[in-house]
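Participant: Quick one: the structure is below, and I'll ask about it shortly.
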């Protein structure tokens, strides 16, 4: 359970960071009755996606593989976007 807990903690912390630093709407819920974690990541509207783009996962807290997938998806939103000046 320690590995699961550390992944869940990392997901929660990353969601807070994304909300505060990257302008991403986040929601994390732990459901004790069903032992599931629900994570929602939504980008705010822009010119390309006027309605925004939202992804939501519901995973069992003992499913290490699924928790790692959610964490990697969240980390992908945390990467820096490098502007390319080559094309102007």
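Residue numbers (the numbering used here): 25 to 112. Just so you know, even glycine gets a beta-carbon here, dropped at the ideal spot from N, CA and C. Here the structure is a predicted model, which is why all the values come from computation and not from measurement.
(1) Consult DSSP for residue 85 and reduce its assignment to one of helix, strand or coil.
(2) According to DSSP, simplified to helix, strand and coil, what is residue 112?
(3) Can you name the start and end residues of the beta strand (DSSP E) that residue 49 belongs to?
(4) Going by alpha carbons, who is nearest to residue 46 out of 56, 52, 36, 68?
(5) For residue 40, tell me which candidate among 65, 30, 61 has the shortest Cα-Cα distance.
(6) Assuming residue 79 and residue 51 make a contact with CB atoms under 8 Å, what is their CB distance in whole Å?
Facilitator: Per the coordinate set shown:
(1) In the chain shown, the residue the question calls residue 85 occupies position 61. It is coil, neither helix nor strand.
(2) The residue given as residue 112 occupies position 88 in the chain shown. Unreliable positioning characterises residue 112 in this predicted model, as indicated by a pLDDT of 47, which lies under 50. The coordinate reading is nonetheless provided below. DSSP places residue 112 in the coil class of the three-state scheme, outside both helix and strand.
(3) As a first step, residue 49 is located in the chain shown; it is residue number 25 there, counting from the start. Bounds of the beta strand (DSSP E) holding residue 49 are 48–55.
(4) As a first step, residue 46 is located in the chain shown; it is residue number 22 there, counting from the start. Closest by alpha carbon: 68.
(5) Counted from its first residue, the chain shown places residue 40 at position 16. Of 65, 30, 61, the smallest CA-CA separation from residue 40 is found for 65.
(6) What you label residue 79 is simply residue 55 of the chain shown in a count that begins at 1. What you label residue 51 is simply residue 27 of the chain shown in a count that begins at 1. With a beta-carbon spacing of about 11 Å, residue 79 and residue 51 fall beyond the 8 Å limit used to define contacts.
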